[in-house]
Amino acid sequence: MIKKTMWSPITSIFLLAALSSLSACSDAEENVSKNKIEAAPAIQEQVVTTNKAQGTEVVLKDVTGLYKKLPTPQPTSTGDKIEVLEVFWYGCPHCYHFEPVLDKWLDEKPAYIEFVRMPGILGKNWLPHARAFYAAEKLGVLDMIHKPLFDAIHNDKRKILDEKSLRVFFSEYGVSGDEFDQAYNSKEVEEKVKAAFTAGQGYALTGVPAIIINGKYGTSASIAGSFEKVIDVINTLAAKEYKELNE
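Residue numbers (numbering that gives the first Met the number 0): 0 to 246.
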């Protein structure tokens with residue numbers, strides 16, 4: 000049975016009113032707000048040891064001007080590991096094109112980095128995909144549906160835009176309608192969506208995909224110049240953060 004999503008009054012007012020003043024996925028890959036984020040200090044190219052036990056060395060590249068320092072450091076969720084967080088939207092073609100670059104990096108990243116994904120919520124039409132992400136996480140099928148959902152939207156040109164079409168998509172991966180409804184409309188998912196929206200404000204986001212390193216620095220292809228440069232920024236700043244924590 001198809002159930003209509005019931006947002007709580009607080010959630011509806013909180014999110015929809017705030018979203019009315021925000022832009023959706025821009026024509027640029029992403030734009031971290033330049034008037035809210037200050038330029039970061041230069042990092043000179045050097046080689047540092049990032050794992051004393053294993054003697055792991057990482058080249059810190061000169062990434063001057065390729066990232067921004069957040070005005071206020073934001074909380075992280077990865078304990079003693081360095082958090083690298085991607086903010087994305089399933090409907091964003093730039094996020095889709097960033098996926099293979101990220102996948103390659105994930106296969107090679109240092110063990111001291113923990114990667115986290117967070118759905119962005121910069122427009123009202125982003126809300127169903129954010130809820131779907133957390134519903135998939137709750138149901139234990141996120142790894143199964145993450146890439147296929149991107150492929151379905153951008154490669155197969157399917158219009159998966161709302162709860163009804165998302166329910167159909169999830170059913171293709173063994174999730175019953177009732178299971179989907181219970182997860183998609185759960186209090187847990189609602190709270191995570193609200194938390195993601197609040198976190199996005201803390202990151203001063205105006206577009207996606209965006210990368211936040213250890214709650215302190217923001218970068219993107221529009222700031223760094225390319226997805227490959229984004230990876231350079233990630234590796235350099237994560238190594239810097241790790242080195243400072245272990246000095």
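Glycine included, every Cβ here is placed at the ideal spot set by N, Cα and C. Because the structure is a prediction, the values reported are computed rather than measured.
For residue i and residue j, what's the separation of their Cα atoms in angstroms?
i	j	result
residue 213	residue 113	10 Å
residue 97	residue 164	24 Å
residue 119	residue 64	24 Å
residue 258	residue 70	As shown, the chain starts at 0 and ends at 246. That puts residue 258 outside it, with no answer to give.
residue 83	residue 194	17 Å
residue 244	residue 156	45 Å
residue 257	residue 216	Here the chain covers residues 0 to 246 and nothing more, so residue 257 does not appear.
residue 68	residue 172	40 Å
residue 161	residue 145	16 Å
residue 209	residue 79	22 Å
residue 180	residue 186	12 Å
residue 90	residue 100	18 Å
residue 125	residue 88	7 Å
residue 153	residue 95	7 Å
residue 73	residue 62	21 Å
residue 246	residue 81	15 Å
residue 192	residue 141	15 Å
residue 225	residue 123	28 Å
residue 233	residue 196	23 Å
residue 220	residue 76	24 Å
residue 228	residue 242	21 Å
residue 106	residue 132	22 Å
residue 103	residue 143	18 Å
residue 108	residue 136	23 Å
Assign residue i to buried or exposed, taking buried as 16 or more other Cβ atoms, counted over all protein chains shown, within 10 Å of its Cβ.
i	result
residue 167	exposed
residue 170	exposed
residue 218	buried
residue 127	buried
residue 92	exposed
residue 231	buried
residue 110	exposed
residue 240	buried
residue 38	Residue placement at residue 38 cannot be trusted, given a pLDDT of 49 that sits under 50; the coordinates are not used to answer.
According to DSSP, is residue i part of a helix, a strand, or is it coil?
i	result
residue 197	helix
residue 67	strand
residue 159	coil
residue 248	Because the chain in this structure spans residues 0 to 246, residue 248 falls outside the shown range and cannot be described.
Does the Cβ-Cβ distance between residue i and residue j come in under 8 Å?
i	j	result
residue 138	residue 190	no
residue 188	residue 116	no
residue 86	residue 201	no
residue 247	residue 151	Only positions 0 to 246 of the chain appear in the structure, and residue 247 is not among them; the question remains open.
residue 206	residue 148	no
residue 66	residue 204	no
residue 238	residue 59	yes
Residue ranges of each alpha helix (DSSP H) within the stretch 179–232, 4 or longer: Along the length of the stretch 179–232, whole alpha helix (DSSP H) runs at least 4 residues long occupy 186–201, 220–223, reported in chain order.
Contiguous alpha helix (DSSP H) assignments of at least 4 residues, all confined to the stretch 109–146: Counting whole runs of 4 or more residues, the stretch 109–146 contains the alpha helix (DSSP H) stretches 126–138.
Secondary structure, alpha helix (DSSP H): runs of 4+ residues fully inside the stretch 60–107: Listed in chain order, they are 92–107.
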